[in-house]
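Peer 1:
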Amino acid sequence: MREEDFIVSTTDLQGRITYGNRIFIEFSGYSESELIGAQHNIIRHPDMPRGLFKWLWDAIQGGNECFAYVKNLAKDGSFYWVFANVTPLFDMNGRIEGYFSVRRKPRPAALAVVSELYRQMLDAEMRAGARDAIAASTALLQQTLSEKGRTYDEFILSI
Ligand SMILES: Cc1cc2nc3c(=O)[nH]c(=O)nc-3n(C[C@H](O)[C@H](O)[C@H](O)COP(=O)(O)O)c2cc1C
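Throughout, my numbering is defined as the position within the sequence shown, counted from one, plus 84.
(1) So, glutamate 149 versus asparagine 169, is the Cβ gap smaller than 8 Å?
(2) Beta strand (DSSP E) containing lysine 155: first to last residue?
(3) Comparing the CB of valine 186 with every heavy atom of ligand 1, is any distance shorter than 7 Å?
(4) DSSP state of arginine 134, grouped into three classes?
(5) Could you spell out the range, first to last residue, of the beta strand (DSSP E) harbouring leucine 173?
(6) Excluding the 5 residues preceding and the 5 following proline 172 in the sequence, name in chain order all residues of the same chain whose CB lies nearer than 7 Å to its CB.
(7) Consider the C-beta atom of tyrosine 183 and the heavy atoms of ligand 1; say whether any pair is separated by less than 7 Å.
(8) Do the region 120-135 and the region 91-105 meet, that is, are 3 or more Cβ pairs less than 8 Å apart?
(9) Within a Cβ cutoff of 7 Å, which residues of the same chain sit near threonine 95, ignoring the five residues on either side of it in sequence?
(10) According to DSSP, is tyrosine 183 part of a helix, a strand, or is it coil?
(11) Which residues does DSSP list as the beta-bridge partners of arginine 188?
(12) Per the DSSP calculation, serine 93 is bridged to which residue(s)?
(13) Residues in its own chain within less than 7 Å of lysine 138 by CB, not counting five upstream and five downstream?
(14) Return yes when the C-beta of methionine 210 is under 7 Å from any heavy atom of ligand 1, and no when it is not.
(15) In the DSSP assignment, find the unbroken alpha helix (DSSP H) run with aspartate 216 in it and report its ends.
(16) Per DSSP, arginine 128 forms a beta bridge with which residues?
(17) With a CB to CB cut of under 8 Å and the five nearest residues on each side skipped, what residues in its chain are close to serine 242?
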């Protein structure tokens with residue numbers, strides 16, 4: 085990503101893309117018509133641990149924002165890292181009606197930290213097997229945070 089870039093997308097409650105800005109379309113490599121209506125996991129990279137997305141969905145479905153470093157897969161097979169903020173969108177009655185994400189260029193020093201963390205989380209998922217994968221990588225994430233004496237947000241925003 086370039087310094088001035090913001091990648092923006094929105095989804096419905098099920099994670100289907102309802103909007104993507106020009107930079108999102110450019111980085112994903114898909115056309116706007118391929119993206120709208122597709123599940124947001126269309127750009128999911130296999131290096132991303134499932135436990136991280138569980139963490140993200142738990143936060144936003146609970147009405148909270150979530151910050152995360154995410155490695156994304158473009159249509160041509162290349163990847164790009166983003167620093168994402170994902171938030172719920174509320175209707176007039178305070179009910180969640182969709183989700184919104186804006187991403188900017190990640191700091192290279194932070195990527196060194198998170199790529200190692202994600203590698204360990206993926207490793208834990210593979211060792212645990214499909215059924216217990218998310219529990220295993222979530223436990224590893226929680227253990228890492230407690231060793232650092234930090235909440236997830238404190239950790240992510242400090243690296
Ligand atoms: C607003 C919003 C933005 C998202 N952005 C991304 C993204 O950039 N990359 C990604 O892999 N997943 C993103 N996700 C999470 C996906 O919906 C999905 O959970 C993830 O790709 C993992 O796929 P899975 O849930 O099928 O395992 C986003 C979700 C929401 C609600």
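Idealized CB from N, CA, C, for every residue including glycine.
Peer 2: Considering the structure as presented:
(1) Sequence index remark: in the sequence shown, residue 149 carries index 65 (1-based). Sequence index remark: in the sequence shown, residue 169 carries index 85 (1-based). With contacts defined as CB atoms closer than 8 Å, glutamate 149 and asparagine 169 qualify as a contacting pair.
(2) One-based indexing of the sequence shown puts residue 155 at position 71. Following the DSSP letters along the chain, one finds lysine 155 inside the beta strand (DSSP E) bounded by residues 150-157.
(3) Start at 1 with the first residue of the sequence shown, and residue 186 comes out as number 102. Checking every heavy atom of ligand 1 against the Cβ of valine 186, none is found closer than 7 Å.
(4) Here residue 134 corresponds to residue number 50 of the sequence shown, with the count starting at 1. Of the three classes helix, strand and coil, the one that applies to arginine 134 here is helix, per DSSP.
(5) In the sequence shown, the residue the question calls residue 173 occupies position 89. Counting along the chain, the beta strand (DSSP E) containing leucine 173 begins and ends at 163-174.
(6) On the sequence shown, position 88 is the one that residue 172 refers to. Answer for proline 172: Ile144, Gly147, Ile180, Tyr183, listed in chain order.
(7) Mapped onto the sequence shown, residue 183 falls at position 99. The answer is yes for tyrosine 183.
(8) Proximity of the region 120-135 to the region 91-105 meets the contact definition, three or more beta-carbon pairs being nearer than 8 Å.
(9) As a working note, residue 95 is residue 11 in the sequence shown. Same-chain partners within the cutoff: Ile101, Thr102, His124, Gly182, Tyr183.
(10) Start at 1 with the first residue of the sequence shown, and residue 183 comes out as number 99. Strand.
(11) As a working mapping, residue 188 is identified with position 104 in the sequence shown. Paired residues: Phe167.
(12) What you label residue 93 is simply residue 9 of the sequence shown in a count that begins at 1. According to DSSP, serine 93 bridges with Gly104, Ser185.
(13) Working through the sequence shown from its first residue, we reach residue 138 at position 54. Correct list, in chain order: Ile218, Thr222.
(14) Residue mapping note: residue 210 aligns to position 126 of the sequence shown, counting from 1. Checking every heavy atom of ligand 1 against the Cβ of methionine 210, none is found closer than 7 Å.
(15) Indexing the sequence shown from 1 puts residue 216 at position 132. No alpha helix (DSSP H) holds aspartate 216; DSSP gives it neither H nor E.
(16) Translated into positions along the sequence shown, residue 128 becomes position 44. For arginine 128, which the question treats as bridged, DSSP gives the partners Asn156.
(17) Along the sequence shown, read from residue 1 onward, the residue named residue 242 stands at position 158. Around serine 242: Arg234.
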